[in-house]
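In what follows, a single structure is set out as structure tokens and then discussed.
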Amino acid sequence: MTGLPDRRIDLQFDDNRLAALLYGQHDSHLARIEAQLAVSLISRGNRLTIAGPGDGAEAARSALEALWERLQRGMEVGPAEVDAALRMATSSPVEAQRNAALATISRPDFNVRTKRRSISPRSPTQAAYLQALQDFELVVGLGPAGTGKTYLAVAQAVAMLLAGRVERIILSRPAVEAGEKLGFLPGDLREKVDPYLRPLYDALHDMLPADQVAKRLSTGDIEVAPLAFMRGRTLANAFVILDEAQNTTPMQMKMFLTRLGEGGRMAVTGDLTQVDLGPNQRSGLQDALDILGAVPGVGIVTFTDADVVRHPLVARIVRAYDQRDRDRRPPGAPP
Numbered sequence: 000m001t002g003l004p005d006r007r008i009d010l011q012f013d014d015n016r017l018a019a020l021l022y023g024q025h026d027s028h029l030a031r032i033e034a035q036l037a038v039s040l041i042s043r044g045n046r047l048t049i050a051g052p053g054d055g056a057e058a059a060r061s062a063l064e065a066l067w068e069r070l071q072r073g074m075e076v077g078p079a080e081v082d083a084a085l086r087m088a089t090s091s092p093v094e095a096q097r098n099a100a101l102a103t104i105s106r107p108d109f110n111v112r113t114k115r116r117s118i119s120p121r122s123p124t125q126a127a128y129l130q131a132l133q134d135f136e137l138v139v140g141l142g143p144a145g146t147g148k149t150y151l152a153v154a155q156a157v158a159m160l161l162a163g164r165v166e167r168i169i170l171s172r173p174a175v176e177a178g179e180k181l182g183f184l185p186g187d188l189r190e191k192v193d194p195y196l197r198p199l200y201d202a203l204h205d206m207l208p209a210d211q212v213a214k215r216l217s218t219g220d221i222e223v224a225p226l227a228f229m230r231g232r233t234l235a236n237a238f239v240i241l242d243e244a245q246n247t248t249p250m251q252m253k254m255f256l257t258r259l260g261e262g263g264r265m266a267v268t269g270d271l272t273q274v275d276l277g278p279n280q281r282s283g284l285q286d287a288l289d290i291l292g293a294v295p296g297v298g299i300v301t302f303t304d305a306d307v308v309r310h311p312l313v314a315r316i317v318r319a320y321d322q323r324d325r326d327r328r329p330p331g332a333p334p
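Residues in the sequence shown are numbered consecutively from 0, following numbering that gives the first Met the number 0.
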């Protein structure tokens with residue numbers, strides 16, 4: 000924020016029905032904006048007055064105008080969309096960049112449509128990530144939990160499957176935590192590894208009705224499997240997602256990346272601050288980043304705690320852990 004002088008901004012909306020949706024039930028959306036930007040919003044029918052610090056008032060206007068455009072396009076506006084608009088309105092000090100980010104929440108072509116929902120970016124980095132998933136055959140998403148790395152990749156994969164742009168989806172994780180303990184777990188192999196893969200199933204059920212998930216899993220249109228199951232395969236016409244990639248070894252990562260086949264897409268997600276490998280074991284994700292940074296056709300998007308979209312407390316928790324790690328770092332050590 001720039002500390003601009005207090006100001007008053009008057010807005011008028013030409014559709015009372017849409018204005019009511021913009022304000023939210025009992026003006027709940029306006030209250031949300033007031034709380035986050037320390038401004039006052041006074042509504043009189045389709046007229047709205049914004050009063051408060053200049054930077055907050057401008058951010059409120061930008062967010063409201065972006066949400067209004069979204070409503071005019073027939074798209075929904077709820078608390079998540081309000082938070083997304085606020086995050087984008089306050090994310091960049093450069094006006095052109097801020098306006099470009101805000102425009103993405105009301106662009107129909109930038110919404111990932113699945114059977115159950117239409118998914119929009121909720122931060123500028125999410126917008127860049129969705130763009131990369133559309134533009135590149137291999138995308139690496141880095142950053143803390145709660146930033147939407149895996150969720151958005153699954154959404155893009157489902158949208159491409161429904162559109163016929165890929166023939167199947169393959170979701171995978173390295174089962175590091177299970178490791179040699181798999182043999183001590185009850186049940187067959189699928190029952191042993193399914194709990195570890197549950198977050199991927201949860202994302203699928205957010206995108207597709209339960210009966211379609213079950214049907215596509217049974218026909219092989221969707222496959223959820225540990226990383227070890229990828230060895231020796233060529234994955235053509237498939238959208239392949241590797242989650243928790245920080246827990247791969249360099250050899251596993253090379254094996255996975257070289258599975259990409261004709262007409263295929265890959266998304267690799269991970270958090271390099273959450274490596275569960277043994278001591279002195281190098282993360283395959285870090286190794287890949289060192290090698291692939293300048294390779295054409297690879298998109299790399301890095302999220303920060305500012306992109307956490309779960310619960311405001313999650314972002315504060317991530318920042319607290321990051322600060323603890325910085326405090327423990329020896330002087331002169333690389334960040």
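The beta carbon of each residue, even a glycine, is placed where N, CA and C say it ideally should be. Computed from a predicted structure; not experimentally measured.
Should G53 and R121 be called a contact, given that it needs their Cβ atoms to be closer than 8 Å?
no
On the DSSP bridge assignment, give the partners of L241 in chain order.
DSSP, once it has assigned bridges, lists S171 and V267 as partnering L241.
Under 8 Å by Cβ, that's how I've got S282 and L291 pegged, so tell me the actual separation to the nearest angstrom.
The pair is not a contact, with the Cβ atoms about 14 Å apart (cut-off 8 Å).
State the beta-bridge partners of G51 as determined by DSSP.
For G51, the beta-bridge partners assigned by DSSP are R6.
Could you compute how far the alpha carbon of H28 sits from the alpha carbon of V81?
When rounded, the distance between both Cα atoms is 7 Å.
Can you pull the DSSP bridge partners for Q11?
R46
Am I right that L63 and L129 are in contact with their C-beta atoms under 8 Å? What's the rounded C-beta distance?
Contact doesn't hold; Cβ gap of about 23 Å is too wide.
Alpha carbons only, please: which of A83, D306, E75 and Y200 is nearest the one belonging to R31?
A83
Report the partner residues of P295 according to the DSSP bridge assignment.
Note: P295 sits in no beta bridge, so no partner.
Terminal residues of the beta strand (DSSP E) in which E222 lies:
I221 to P225
For P173, is the classification buried or exposed, using 16 other Cβ atoms within 10 angstroms of its Cβ as the cut-off for buried?
buried
Alpha carbon to alpha carbon, how far is I41 from V212? Give it in angstroms, no decimals.
46 Å
Three-way DSSP call (helix, strand, coil) for R328 in this model
coil
C-alpha distance - L137 paired with R328, whole-angstrom precision
33 Å
Identify whether N246 lies in helix, strand or coil by the three-state DSSP scheme.
helix
Any 3 or more C-beta pairs closer than 8 Å across the segment 217-234 and the segment 253-265
Yes, they touch.
Since I believe A202 is in contact with Y150 (beta carbons under 8 Å), could you give me their beta-carbon distance rounded to a whole number of angstroms?
About 5 Å; that satisfies the 8 Å criterion.
Taking C-alpha atoms, which residue in D13, T89, R72 and P78 lies nearest to S61?
T89
Going by DSSP, what residues sit across from L259 in a beta bridge?
L234
Is DSSP giving T301 helix, strand or coil here?
strand
Let me confirm a value: P278 is counted as buried when at least 16 other C-beta atoms fall within 10 Å, else exposed. Which label applies?
Label assigned to P278: exposed.
Mind checking which residues open and close the alpha helix (DSSP H) that includes L161?
K148 to L161
Could you spell out where the alpha helix (DSSP H) holding V81 opens and where it closes?
P78 to A88
Hey, L160 and I169: beta-carbon distance below 8 Å or not?
no
Give me the Cβ distance between N236 and V165, rounded to the nearest whole Å; I'm assuming they're in contact under 8 Å.
6 Å
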